Amino acid sequence: MAKIGFIGMGNMGSAILNGLLKAYEPQELIFTAAHTDKMEAVTKATGVPHASSNAACADSCKYLILAVKPQYFDAVFDEIREVLKEDRIVISLAPGQTISGLKERLGDEIRVVRAMPNTPAMLGAGMTGVAFGEDSFTEEEKAEICRIFESCGRVEMVEERQMEAVGCVSGCSPAFVYMFIEALADGGVKYGLPRKTAYEMAAQTVLGSAKMVLETGKHPGQLKDEVCSPGGTTIAGVSALEEWGLRNSVIKAADACFEKSQKMK
Ligand SMILES: NC(=O)C1=CN([C@@H]2O[C@H](COP(=O)(O)OP(=O)(O)OC[C@H]3O[C@@H](n4cnc5c(N)ncnc54)[C@H](OP(=O)(O)O)[C@@H]3O)[C@@H](O)[C@H]2O)C=CC1
Ligand SMILES: O=C(O)[C@@H]1CCC=N1
1 MAKIGFIGMG NMGSAILNGL LKAYEPQELI FTAAHTDKME AVTKATGVPH
51 ASSNAACADS CKYLILAVKP QYFDAVFDEI REVLKEDRIV ISLAPGQTIS
101 GLKERLGDEI RVVRAMPNTP AMLGAGMTGV AFGEDSFTEE EKAEICRIFE
151 SCGRVEMVEE RQMEAVGCVS GCSPAFVYMF IEALADGGVK YGLPRKTAYE
201 MAAQTVLGSA KMVLETGKHP GQLKDEVCSP GGTTIAGVSA LEEWGLRNSV
251 IKAADACFEK SQKMK
């Protein structure tokens, strides 16, 4: 029997699988996807076996990661409900879907964990929020769930009521950061840099700035102040960003993600 199973092997499933392969043997893992050619390609590339059906996948692992889009949950649940046993733990990655709502659909005896990872898990640089909710888990089970996501990067335990906030700040936000990198690079191209050089400079700057926040422990505002020479070029740029509403745009993006997640319940 495998330890960890995935139903769905798209953007998020494959990112987590890549992270897991640093901590687990391929034979400890199993997965399904909708298309056979996709499953065969992933098995060939990773050595991780795929199951013949979603039911077979759910039947053959202790921890089952639901990595399909929520609109497919009903169909998948109809396939796996019969084989899920009481000792199994289902890990949902979906925004908006509550633990109690998922248990209603899967069976009240099935323990459900919510996790909100992000795609940098692919490189072991992910950020995952995990909520255990009201169900009881042994220390060993909690440690295993942490190990799954720690193999993909950093992990924070949160209350279930905070999961939509996690979605805004780290689940969805890689998309916003890529947009920022694109825009930074466009600015460089506008003033003469080759595009490839501009992407490298923009991406390395975002990476380095993030490391400064994480590793110095300084407030982001202080780090910003350290870049702004009095009467210099940076403060002119900061002033333009304030004028064009960068901070408010980013907070509005969080509002939009949150509101959307409420409609996905
Ligand atoms: N993408 C992201 O950045 C993040 C996503 N999430 C969550 O992760 C979950 C998965 O999202 P994501 O990976 O982006 O989605 P994708 O669309 O990239 O992948 C979905 C996967 O589900 C498979 N699939 C579809 N229907 C079935 C089925 N009936 N049985 C088995 N497999 C099926 C697809 O198979 P095939 O490949 O063969 O088509 C595909 O591998 C969602 O709940 C999403 O909200 C959470 C955080 C971040
Ligand atoms: O866009 C989505 O719904 C998923 C959840 C977080 C990131 N991607």
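The sequence shown lines up with residues 1 to 265 when you count with the UniProt record's numbering.
Beta carbons are placed, not taken as given, at the ideal position from N, Cα and C, and that holds for glycine.
From a predicted model like this one, the values you see are computed outputs, not experimental measurements.
When DSSP assignments are scanned along the stretch 72–107, the uninterrupted stretches of alpha helix (DSSP H) that are 4 or more residues long and fall wholly within it turn out to be 73–80, 99–106. Residue environment analysis places Pro220 among the exposed positions, since fewer than 16 neighbouring C-beta atoms fall within 10 angstroms of its C-beta.
Across the set Gly8, Lys44, Glu200, the C-alpha of Gly8 shows the shortest separation from the C-alpha of Thr32.
Shown here, Leu64 sits in a strand according to DSSP, grouped into three states. Residue pairing by DSSP places Arg111 opposite Ile89 in a beta bridge.
Going by C-alpha positions, Thr36 is about 10 Å away from Val42. Contact between Met122 and Arg154 does not hold, since their C-beta atoms are separated by about 14 Å, which reaches or exceeds 8 Å. Taking a contact to require three or more Cβ pairs closer than 8 Å, the stretch 186–201 and the stretch 58–65 do not qualify as touching.
Judged by DSSP secondary structure, Met163 falls within the alpha helix (DSSP H) whose first and last residues are 163–166. Contact between the stretch 124–138 and the stretch 147–167 is present: 3 or more CB-CB pairs across the two stretches fall below 8 Å.
Ser92 and Thr233 have their C-alpha atoms spaced approximately 46 Å apart. Distance check between Asn11 and each of Leu246, Pro174, Asp225 places Pro174 closest, using alpha-carbon atoms only. The continuous alpha helix (DSSP H) containing Thr216 extends over residues 195–216. Of the heavy atoms belonging to ligand 2, none sits nearer than 7 Å to the Cβ of Pro120.
Taking the C-beta atoms as reference points, Glu40 is found no nearer than 8 Å to Ala55. Per DSSP, Glu134 is not a residue of any beta strand (DSSP E), being assigned neither H nor E. In the three-state reduction of the DSSP assignment, Ala2 falls in the strand class, which pools E and B. With respect to Gly47, Pro26 sits close: the two C-beta atoms are nearer than 8 Å. Runs of the alpha helix (DSSP H) spanning 4 or more residues and lying entirely within the stretch 27–54 occur at 36–46, in chain order. A distance criterion of 7 Å places the beta-carbon of Cys172 in contact range of ligand 2, judged by its closest non-hydrogen atom. Annotated as distal: Val177 and Ile145, with beta-carbon spacing of 8 Å or more.
CA-CA distance, Ala94 to Pro230, rounds to 46 Å. Between ligand 2 and the CB of Gly101, the shortest heavy atom gap is not smaller than 7 Å. Counting along the chain, Val158 sits inside no alpha helix (DSSP H), nor does DSSP assign it H or E at all.
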